[in-house]
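In terms of this note's numbering, the sequence shown opens at residue 1 and continues consecutively. For every residue, glycine included, the Cβ atom is placed at its ideal position computed from N, Cα and C.
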Amino acid sequence: MVETRVADLRFVPYALHLDRVGAYGHSAGGTAVAQALHDDRRITAAVNLEGYLDQVDGELLSVARQATHRPLLLAGTDGFRNARLERSWAALLGHGGPVVRRQLDGTHHWVFTDYAALVPQLQQAGLTTAAGRAAMIGRADPRVSVPTVRHLVRSFFARHLPT
Numbered sequence: 001m002v003e004t005r006v007a008d009l010r011f012v013p014y015a016l017h018l019d020r021v022g023a024y025g026h027s028a029g030g031t032a033v034a035q036a037l038h039d040d041r042r043i044t045a046a047v048n049l050e051g052y053l054d055q056v057d058g059e060l061l062s063v064a065r066q067a068t069h070r071p072l073l074l075a076g077t078d079g080f081r082n083a084r085l086e087r088s089w090a091a092l093l094g095h096g097g098p099v100v101r102r103q104l105d106g107t108h109h110w111v112f113t114d115y116a117a118l119v120p121q122l123q124q125a126g127l128t129t130a131a132g133r134a135a136m137i138g139r140a141d142p143r144v145s146v147p148t149v150r151h152l153v154r155s156f157f158a159r160h161l162p163t
């Protein structure tokens, strides 16, 4: 799946005749943008929103093994930290370079999606529990988490893809 997504990401700049692109993705999409940044020089900067940097069998992707020389933001949550994510991100961060890691406290994996705003409404309507909400997006208030995620991504690209 990741290889297909990387191929798609590499096709877009080619099809649109772009030579400077920013890309971001969540989960497997984050994995794909990090690898595409490594593979394609037209991708100038990327944001990986909690995507692993390895294969399911544990083999590190080439971006984690060889590093990147272009800006990459690794954004994660305190609710989704696990040994696999830590290992693959640490491998990349160990190379140095223009890679930074940020963490959103009080959040969980799906806070980077529309669920951040929708799940609290489901809880309010009695369609999910507080525990169900916490397992999906954490306990953070969407009035805080949604703008925080937006600011994180926008400010990264504003620094690395100025107009």
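Here the C-alpha atom of Ala-67 lies approximately 8 Å from the C-alpha atom of Leu-93. Counting along the chain, the unbroken beta strand (DSSP E) around Tyr-24 starts and ends at 21-26.
Residue environment analysis places Gly-58 among the exposed positions, since fewer than 16 neighbouring C-beta atoms fall within 10 angstroms of its C-beta. Rounded to the nearest whole angstrom, the CA to CA distance from Ala-135 to His-108 is 7 Å. For Arg-154, there is no enclosing beta strand (DSSP E); the residue is found in the alpha helix (DSSP H) stretching over 142-160.
Scanning Leu-74, Arg-150, Val-56, Val-21 for the CA closest to the CA of Ala-117 turns up Arg-150. Note: Val-100 is bridge-paired with Leu-73 in the DSSP secondary-structure output. Taking C-beta separations shorter than 8 Å and ignoring five residues to either side along the sequence, the partners of Leu-85 in its chain run Glu-50, Tyr-52, Gly-76, following chain order. Annotated three-state conformation of Leu-127 is coil, per DSSP. Between Leu-60 and Ala-32, the C-beta spacing is not below 7 Å.
Secondary structure at Leu-9: helix, using DSSP grouped into helix, strand and coil.
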